[in-house]
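J.: This is the structure, below, for whatever I ask next.
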């Protein structure tokens, strides 16, 4: 006993504990890179870079944005892959119906994302940033609600369901990054490189405007996303039976 | 299908209502949001800003630094303050429950642990500050800085685990936060003691240079270099820091003295 008191460091020996910890660490590091850069875009880059005078603005965009967007989109991939792997390990441990759970989960997110694509075509919603963000919050709120209703299985824990809802938001954000924000920004960067100092053509500026709406909605969605992530282990609000 | 429908009826949302659990999750949520802002911008500075700045001429820097870098540094340094404050309160709430009643009076060791913890991190940081600011040979070579910061980080780990938090009934959670939070406090001191004060002066000079053509003093290079090394040290320190933060609840490595 006395010897133990003097040597208090003892690594857990189970490989699953170690694997989970490694996944969690990768998830946290890549997640911070991803969401931290989303905060940089929302709080710093989007409001300030357009105020810079030419030619500095073009040079700043050419040097900062490709690097920031590279780390942004790939860390998003890593964060979601590590997170989903972790979630699947939990589902397996709980003997969840894996195929059904993943299919329903993915179907709900894809549906919400499809609704967002339709919303982006409605001028009445895209004219006001506030209206668009509120509409998206409603759609993903419904997505989370349906997950809570449809995903439970016998023996489902709060942790698995809280990650389903929070990770559902994360997957929705990943689709936003790769399907909307990055394609629009890639087009913008290519335009800037080919036509220095010129404002983008109307079609491209319209795409950029929509991408910025989606980016702003993503920013607000990180708040509930991180709540559910933290709640998974520390705030059990979901009760079975 | 019938089983599925009966599950629907059985599952429900029932959030915990005791104030302690609610306060914990609120602190944790604030800690997450502020921490992502802080460390996310730290990664922005290290992964994006440093290489991007190398491509800029003086005129572009004069436009970019006082506007974009200045604003990013605002969110960065205040995010750091909010993160550490929320984390520290959370840790204090845990310390107030230790040692458990079966062993001693809960909270009786709180003052001592916090005092020694602050002193340990403070001394380690001051050594780092002194070497970066006053010994020019140190900032000539990045490997020397890396060696110093590694030694100081191991020192903090050793003192916190083997000297400060050795009381009977110490939990893995409090010890792991003691180490990870110790690195966090070290990083906060780097932000407010080196990165921000140095950058503040460089930003003012860069702005005046762009607006009025006043020359940038030669001192700026040394200040920028110190800030760069403090920022790079923080980026590396964030890796063990986040490991210990996650280990607090999910990877019991400290069995307690």
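Protein chains in written order, with the working numbering: chain A, 1 to 241; chain B, 1001 to 1257. Glycine included, each C-beta is placed from N, C-alpha and C at the ideal position.
1) Looking at chain A, which residues of the stretch 1018-1052 of chain B have a Cβ within less than 9 Å of any of its Cβ atoms?
2) List the residues that DSSP assigns as beta-bridge partners of residue 1013/B.
3) DSSP beta-bridge partners for residue 1088/B?
4) Please list, in chain order, the chain B residues whose beta carbon lies closer than 9 Å to that of residue 181/A.
5) Can you give me the start and stop residues for the alpha helix (DSSP H) that residue 35/A sits inside?
6) With H, G and I counted as helix, E and B as strand and the rest as coil, what does DSSP make of residue 1254/B?
7) Can the beta-carbon of residue 1248/B be found less than 9 Å from the beta-carbon of residue 1173/B?
8) Quick check on residue 1206/B: buried or exposed, where buried means 16 or more other Cβ atoms within 10 Å of its Cβ?
9) My output table needs one value for residue 226/A: the three-state DSSP class, helix, strand or coil.
10) Where DSSP assigns a beta bridge to residue 9/A, which residues make up the other side?
11) Assess contact between the stretch 55-69 of chain A and the stretch 1080-1090 of chain B, defined as three or more Cβ pairs (one per stretch) separated by less than 8 Å. Is contact present?
12) How big is the Cα-Cα spacing for residue 204/A and residue 1155/B?
13) In chain order, what residues of the same chain lie with their CB nearer than 7 Å to the CB of residue 1251/B, ignoring the 5 residues before and after it?
14) Does the beta carbon of residue 36/A come closer than 9 Å to any beta carbon on chain B?
15) For residue 82/A and residue 26/A, which I take to be in contact (beta-carbon distance under 8 Å), what is that distance rounded to the nearest angstrom?
16) Under 8 Å by Cβ, that's how I've got residue 211/A and residue 136/A pegged, so tell me the actual separation to the nearest angstrom.
17) So, do the stretch 143-158 of chain A and the stretch 102-113 of chain A have three or more beta carbon pairs nearer to each other than 8 Å?
18) Mapping the DSSP letters down to three states, classify residue 1018/B as helix, strand or coil.
19) So is residue 85/A in contact with chain B if we call contact Cβ pairs under 9 Å?
20) Could you tell me which whole alpha helix (DSSP H) segments of length 4 or greater appear in the stretch 1155-1194 of chain B?
21) Shorter than 9 Å from the beta carbon of residue 1063/B to some beta carbon of chain A?
22) Taking CB distances under 9 Å as the criterion, tell me whether residue 1233/B reaches chain A.
23) Helix, strand or coil for residue 197/A per DSSP?
24) Could you pull out every unbroken beta strand (DSSP E) segment of at least 3 residues lying fully inside the stretch 152-195 of chain A, listed in chain order?
25) Thinking C-alpha only, which one of 184/A, 191/A and 172/A is nearest residue 79/A?
26) Got a sec, what are the start and stop residues for the alpha helix (DSSP H) residue 1097/B sits in?
27) For residue 1071/B, return the contacting residues in chain A, with the cut-off set at a CB-CB distance below 7 Å.
28) Residues of chain B with CB under 8 Å from residue 80/A, in chain order?
29) At a Cβ threshold of 9 Å, is residue 137/A touching chain B?
30) Of all Cβ atoms in chain B, is any one closer than 9 Å to the Cβ of residue 242/A?
31) Ignore the nearest five residues each way along the sequence and tell me which others in residue 111/A's own chain have a CB closer than 8 Å to its CB.
32) Identify the continuous alpha helix (DSSP H) that holds residue 1211/B and give its terminal residues.
33) Inspect the CB distances between the stretch 1093-1109 of chain B and the stretch 1066-1074 of chain B and report whether three or more fall short of 8 Å.
34) Residue 51/A versus chain B: which residues are under 8 Å apart at the beta carbon?
35) Determine the contact status of residue 1104/B and residue 1038/B, defining contact as a CB-CB distance below 9 Å.
T.: Concretely, from the data shown:
1) Residues 1021, 1022, 1024, 1025, 1028, 1029, 1031, 1032, 1033, 1035, 1036, 1037, 1038, 1039, 1040, 1041, 1042, 1043, 1044, 1047, 1048, 1049, 1051 and 1052.
2) Along the second chain, read from residue 1 onward, the residue named residue 1013/B stands at position 13. BP columns for residue 1013/B point to 238/A.
3) Mapped onto the second chain, residue 1088/B falls at position 88. Answer by DSSP bridge pairing: none, since residue 1088/B is not bridged.
4) In the first chain, counting from the first residue as 1, residue 181/A sits at position 181. Ordered by position in chain B, no residue passes the 9 Å Cβ test against residue 181/A, which lies about 16 Å from the chain.
5) Counting from 1 along the first chain, the entry for residue 35/A is found at position 35. In the DSSP assignment, residue 35/A falls within the unbroken alpha helix (DSSP H) covering 15-40.
6) Counting from one through the second chain, the residue named residue 1254/B turns up at place 254. Strand at residue 1254/B.
7) Residue numbering aside, residue 1248/B sits at position 248 when the second chain is read from its first letter. Residue numbering aside, residue 1173/B sits at position 173 when the second chain is read from its first letter. A contact, by the Cβ cut-off of 9 Å.
8) Position 206 of the second chain holds residue 1206/B. Buried, because 16 or more other Cβ atoms sit within 10 Å of the Cβ of residue 1206/B.
9) By one-based count along the first chain, residue 226/A stands at place 226. When DSSP states are grouped into helix, strand and coil, residue 226/A belongs to the helix group.
10) Here residue 9/A is taken as the residue at index 9 of the first chain, counted from 1. Beta-bridge analysis with DSSP links residue 9/A to 1254/B.
11) Under the 8 Å Cβ criterion, the stretch 55-69 of chain A does not count as touching the stretch 1080-1090 of chain B, having fewer than three qualifying pairs.
12) Working through the first chain from its first residue, we reach residue 204/A at position 204. Working through the second chain from its first residue, we reach residue 1155/B at position 155. Distance from the CA of residue 204/A to the CA of residue 1155/B, rounded to the nearest whole angstrom, comes to 55 Å.
13) The residue given as residue 1251/B occupies position 251 in the second chain. None.
14) Residue 36/A sits at position 36 when you count from the first residue of the first chain. Taking Cβ atoms only, chain B reaches closer than 9 Å to residue 36/A, which makes this a yes.
15) Taking the first residue of the first chain as position 1, residue 82/A is located at position 82. Taking the first residue of the first chain as position 1, residue 26/A is located at position 26. Going by Cβ atoms, the distance from residue 82/A to residue 26/A rounds to 4 Å, so yes, they are a contact pair.
16) For the purposes of this step, residue 211/A is taken as the residue at position 211 of the first chain. For the purposes of this step, residue 136/A is taken as the residue at position 136 of the first chain. About 14 Å separates the Cβ atoms of residue 211/A and residue 136/A, ruling out a contact at the 8 Å cut-off.
17) Because the criterion of three Cβ pairs below 8 Å is met, the stretch 143-158 of chain A and the stretch 102-113 of chain A touch.
18) Sequence index remark: in the second chain, residue 1018/B carries index 18 (1-based). Assignment of residue 1018/B by DSSP, reduced to helix, strand and coil, places it in the coil class.
19) As a working mapping, residue 85/A is identified with position 85 in the first chain. No, because no Cβ of chain B sits closer than 9 Å to the Cβ of residue 85/A.
20) Those alpha helix (DSSP H) runs which fall completely within the stretch 1155-1194 of chain B and span 4+ residues are 1172-1190.
21) Your numbering for residue 1063/B matches position 63 in the second chain. Chain A, which has a Cβ nearer than 9 Å to the Cβ of residue 1063/B, makes this yes.
22) Working through the second chain from its first residue, we reach residue 1233/B at position 233. Look at residue 1233/B: its C-beta is not under 9 Å from any C-beta on chain A.
23) Position 197 of the first chain, counting from 1, holds the residue named residue 197/A. Correct three-state label for residue 197/A: coil.
24) You should have found no qualifying run.
25) Looking up residue 79/A in the first chain gives position 79. Check the Cα spacing between residue 79/A and each of 184/A, 191/A and 172/A: the tightest is with 172/A.
26) The count along the second chain starts at 1 and reaches residue 1097/B at position 97. That residue, residue 1097/B, is in no alpha helix (DSSP H); it is neither H nor E in DSSP.
27) Your numbering for residue 1071/B matches position 71 in the second chain. 44 and 48, listed in chain order.
28) For this step, residue 80/A is matched to residue 80 along the first chain. Against chain B, a Cβ distance below 8 Å from residue 80/A picks out nothing, because the smallest value is about 16 Å.
29) To locate residue 137/A, count along the first chain from 1; it is residue 137. For residue 137/A, the answer is no, since every Cβ of chain B falls outside 9 Å of its Cβ.
30) Chain A is shown only over 1 to 241; residue 242/A falls outside these bounds and no answer can be derived.
31) Here residue 111/A corresponds to residue number 111 of the first chain, with the count starting at 1. Within the same chain, Cβ atoms closer than 8 Å to the Cβ of residue 111/A are found at 143, the five residues on either side in sequence being excluded.
32) In the second chain, residue 1211/B corresponds to position 211, counting from 1. Where residue 1211/B is concerned, the enclosing alpha helix (DSSP H) stretches over 1196-1212.
33) The answer is no - the stretch 1066-1074 of chain B does not touch the stretch 1093-1109 of chain B, with fewer than three Cβ pairs under 8 Å.
34) Numbered from its first residue, the first chain carries residue 51/A at position 51. Within 8 Å of the CB of residue 51/A, the CB atoms of chain B belong to 1067, in sequence order along the chain.
35) If you number the second chain from 1, residue 1104/B lands on position 104. If you number the second chain from 1, residue 1038/B lands on position 38. Their beta carbons are not under 9 Å apart, which means residue 1104/B does not touch residue 1038/B by this criterion.
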